[in-house]
Amino acid sequence: MPSAEDTSPMRLDWNTPMDRSASNRVANTRPTLRNTGTDQDPLQPLRNPLMGMMSGIHTATSTPNRTPPIYFSEPSDIMSFPFDAPVRQASETRDHFVIDEPCEIHISHVPTFTPSRDFPNTDVSMLRMTSHETFTPASSNGSLQLHEAIMSQAQFVTAQVKSIDFEHFHQAWPFLHVPTFAPEKQTNLLTSAVVNISMWMQNASRHHLVPYEINQELTRALMPQSTEEALTEKQSADITLPTLQALVITLTYAILGDAPVSTLNWAAQWTDIAIFTFRRLGVLDDRWHPEQHLQSADERWVQTEEMKRLVYAVLRIDTYLCIILDRPPTMRYQEIRPPLPVSDVLWRAETRVDRTNLHWYEPAGRTKSAFSTIVRDGLESRGFMTGYLQMPLLTLEDNHFSLCAFLSEIWCVSKEAHEGHHRNYRSPELNRTADRVKLWKGYIQDWRVHIENTDKLEDSFFGGCISDCSHFLGLDLTLYHLLSLKLYANMRLLEHRKCCSGCQEANIENVISIWARSPDGRQAVYHAAQLKRIYERESNIYRLNDQRLCNVLGPAGLLNSGIVLCTYSAKASGVNTPEGDTVMPAPADAIELSQSNLVGTPEFENWISQGGPATVDGVALHPFLAPHFSSWHRDRLETCPVYSSRLVAFLLTLKF
Numbered sequence: 001m002p003s004a005e006d007t008s009p010m011r012l013d014w015n016t017p018m019d020r021s022a023s024n025r026v027a028n029t030r031p032t033l034r035n036t037g038t039d040q041d042p043l044q045p046l047r048n049p050l051m052g053m054m055s056g057i058h059t060a061t062s063t064p065n066r067t068p069p070i071y072f073s074e075p076s077d078i079m080s081f082p083f084d085a086p087v088r089q090a091s092e093t094r095d096h097f098v099i100d101e102p103c104e105i106h107i108s109h110v111p112t113f114t115p116s117r118d119f120p121n122t123d124v125s126m127l128r129m130t131s132h133e134t135f136t137p138a139s140s141n142g143s144l145q146l147h148e149a150i151m152s153q154a155q156f157v158t159a160q161v162k163s164i165d166f167e168h169f170h171q172a173w174p175f176l177h178v179p180t181f182a183p184e185k186q187t188n189l190l191t192s193a194v195v196n197i198s199m200w201m202q203n204a205s206r207h208h209l210v211p212y213e214i215n216q217e218l219t220r221a222l223m224p225q226s227t228e229e230a231l232t233e234k235q236s237a238d239i240t241l242p243t244l245q246a247l248v249i250t251l252t253y254a255i256l257g258d259a260p261v262s263t264l265n266w267a268a269q270w271t272d273i274a275i276f277t278f279r280r281l282g283v284l285d286d287r288w289h290p291e292q293h294l295q296s297a298d299e300r301w302v303q304t305e306e307m308k309r310l311v312y313a314v315l316r317i318d319t320y321l322c323i324i325l326d327r328p329p330t331m332r333y334q335e336i337r338p339p340l341p342v343s344d345v346l347w348r349a350e351t352r353v354d355r356t357n358l359h360w361y362e363p364a365g366r367t368k369s370a371f372s373t374i375v376r377d378g379l380e381s382r383g384f385m386t387g388y389l390q391m392p393l394l395t396l397e398d399n400h401f402s403l404c405a406f407l408s409e410i411w412c413v414s415k416e417a418h419e420g421h422h423r424n425y426r427s428p429e430l431n432r433t434a435d436r437v438k439l440w441k442g443y444i445q446d447w448r449v450h451i452e453n454t455d456k457l458e459d460s461f462f463g464g465c466i467s468d469c470s471h472f473l474g475l476d477l478t479l480y481h482l483l484s485l486k487l488y489a490n491m492r493l494l495e496h497r498k499c500c501s502g503c504q505e506a507n508i509e510n511v512i513s514i515w516a517r518s519p520d521g522r523q524a525v526y527h528a529a530q531l532k533r534i535y536e537r538e539s540n541i542y543r544l545n546d547q548r549l550c551n552v553l554g555p556a557g558l559l560n561s562g563i564v565l566c567t568y569s570a571k572a573s574g575v576n577t578p579e580g581d582t583v584m585p586a587p588a589d590a591i592e593l594s595q596s597n598l599v600g601t602p603e604f605e606n607w608i609s610q611g612g613p614a615t616v617d618g619v620a621l622h623p624f625l626a627p628h629f630s631s632w633h634r635d636r637l638e639t640c641p642v643y644s645s646r647l648v649a650f651l652l653t654l655k656f
């Protein structure tokens, strides 16, 4: 049985909150720093970024109450917070902190937070305190040292964000405006979130547990305001841009790589909260504007663009979690009114003068058209192709947003289709969702044809060196094939051999056998083979952390690939099994599915309609070779325990 340390979404290497009296003494004695974040109460756990960041800091205080926040009043199997700290109940329910213990801070060597090799000139001596020192807030030397450490950390985080180490992050998640990112604009929460993902980027195998202090501070910063708004219908002005940036950075960290299920569920719940906050602030209606006072027009433009990019980042996160956790998406494209993000050249412009000049070259339709309108017009023109509604040229990133927007509709259509097919698989004529599924299959295929015409997506990704190309090449391909699988295969049924409590095992195997012999089954196998091919390509080019940053859906795509290929191989027929241990050769007339530009060729269309032998990387799809695919996928998913355990559970139910 896994321990709490393995399954908890919270990580307690961040120091625990101080008691109330200690918090007040720190606030009254240390120098006042500029903070643009929310007005926080004296009990805030991140009083300064140094204490929130360093795992070597310990406080001689009581531990926090284990009682979950109020919005998790009834923990379920889906969401739980098994904190690893020992429990000490507060004397009163309104006070979670003991007030009679002294405040004493111990700073020791911090081995986990060190500057990258690309920062030889960065002075972080205040962050590396090799000697074990003890000081109290009453000490002037200690207060000065704490103040200098805070300022040093803010400067270091700024240098880190603007460094080459963060370039992959900014390319994959471009929602921070690097040219104007400055220490005085940071808040404790934002600094801690940046440091957390920075440490992961330096060590991709680091365990994905959300820092306890970040969770607590997000709760204090967002939940009271959101609850007040819901009860009073009064829009809150206390939820600031840095707070939302910290939330999105933490959500991004939570879904990368080998995050446990509890962390993914934590991210799903906070994604819903982020979307709710966007709605309440008027961001989705394009009614949010930064404060007018004490800011120039350029600063207001930067903040408006940053907020808009947060919306699209959360749209992506919501989409990824929908695929990973098989949950319905929360955000719908019809409610996204902000226009698409500005061009990458304008976003990366270093000076105000450069940004002003580049504004003249931005397409007017791009800066004025609502995203929901662009998606709707694209669908009405039947997949962005022809007609009086001619779509503008979209970037790979823009096309990725359109795919994310499709998911909410595809999820509903496929859900109805799969339930109807399960009820009426003996009488397909009773399935009333066939027309809607066919329509969305056409939309997805037209999207692919359009992007191949504009960006040569497949040739660019598989043909040359992609290290200098957009990070959205592989991500767009992966999401396209995953959405196609939702339309061509009931992945829940294939993985669990059950889609509802009334499923009968004999009927399920019959349904799967019928699917494997159908054109939909063969289409699904093609998309599964391409997902396997994409993962192999990225594994050979990127380092582990870069691969996870560039393609969050890579492991999920590989899991779906393994499920479809193994299922289809187990149900394949028409080829004799060889005797003994001889290797079964691929039939001479077999079609190879792991090749580029296969769709649309006569060979492919004939195979889809008529069937026949097929291979993936030269290996025939046959029951005798199903273990080959299962072992290959299992080996590749070893670094992702969540997906590996799901694959093993699926293989235990696989029947030949």
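Everything in the sequence shown is counted per full-length UniProt numbering, starting at 1 for the first residue and increasing by one.
Backbone N, C-alpha and C fix where the C-beta goes; we use that ideal spot for every residue, glycine too.
- Around the beta carbon of Gln610, fewer than 16 other beta carbons sit within 10 angstroms, so the residue counts as exposed.
- Beta-bridge partners of Ile591 (DSSP): Ala614.
- A check of alpha carbon separations from Tyr443 across Ala349, Phe406, Leu479 identifies Phe406 as the nearest.
- In the same chain as Leu549, and ignoring 5 residues on each side of it, the C-beta atoms closer than 8 Å to its own belong to His168, Phe169, Ala172, Trp173, Met201, Leu256, His471, in chain order.
- Rounded to whole angstroms, Val375 and Leu625 show a C-alpha spacing of 43 Å.
- DSSP places Ala620 within a strand segment (E or B) once states are collapsed to three.
- The C-beta distance from Pro613 to Ala590 rounds to 4 Å, short enough to fall under 8 Å.
- The C-beta of Tyr488 has 16 or more other C-beta atoms within 10 Å across all chains shown, which makes the residue buried.
- With at least 16 other beta carbons inside 10 angstroms of its own, Asp476 counts as buried.
- Val210 carries a strand assignment under DSSP once its states are collapsed to helix, strand and coil.
- Contact between the stretch 358-370 and the stretch 434-454 is not established, with fewer than three Cβ pairs separated by less than 8 Å.
- In terms of Cα proximity to Ala182, the closest of Asp165, Ala154, Asn188 is Ala154.
- The Cβ atoms of Leu479 and Ala528 lie no closer than 9 Å to each other.
- When Cβ pairs closer than 8 Å are counted between the two stretches, the stretch 273-291 is seen to touch the stretch 327-340, the count reaching three or more.
- Taking the C-beta atoms as reference points, Tyr568 is found no nearer than 9 Å to Gly618.
- Look at Val511 here: in three-state DSSP terms it is helix.
- Counting only residues of its own chain and dropping the five nearest sequence neighbours on each side, Leu393 has a CB closer than 8 Å to the CB of Thr454.
- Between the stretch 596-603 and the stretch 555-572 there are fewer than three inter-stretch CB-CB distances shorter than 8 Å, so the stretches are not counted as touching.
- Within its own chain, the residues whose Cβ lies closer than 8 Å to the Cβ of Leu559, once the five positions on either side in sequence are excluded, are His633, Leu637, Tyr643, Arg646, Leu647, listed in chain order.
- Measuring C-alpha to C-alpha distances from Ala524 to each of Met491, His496, Leu176, Glu509 identifies Met491 as the nearest.
- C-alpha of Ile541 to C-alpha of Gly554: approximately 14 Å in a straight line.
- Here the alpha carbon of Met223 sits roughly 53 Å from the alpha carbon of Glu592.
- Our two residues, Ile249 and Phe276, have alpha carbons roughly 17 Å apart in a direct line.
- The beta carbons of Ile317 and Thr252 sit about 7 Å from each other, so the pair counts as a contact at 8 Å.
- Here the alpha carbons of Ser596 and Val195 stand approximately 41 Å from one another.
- Cα atoms of Pro641 and Leu264: separation of roughly 13 Å, rounded to the nearest angstrom.
- DSSP places Lys498 outside both helix and strand once states are collapsed to three, so it counts as coil.
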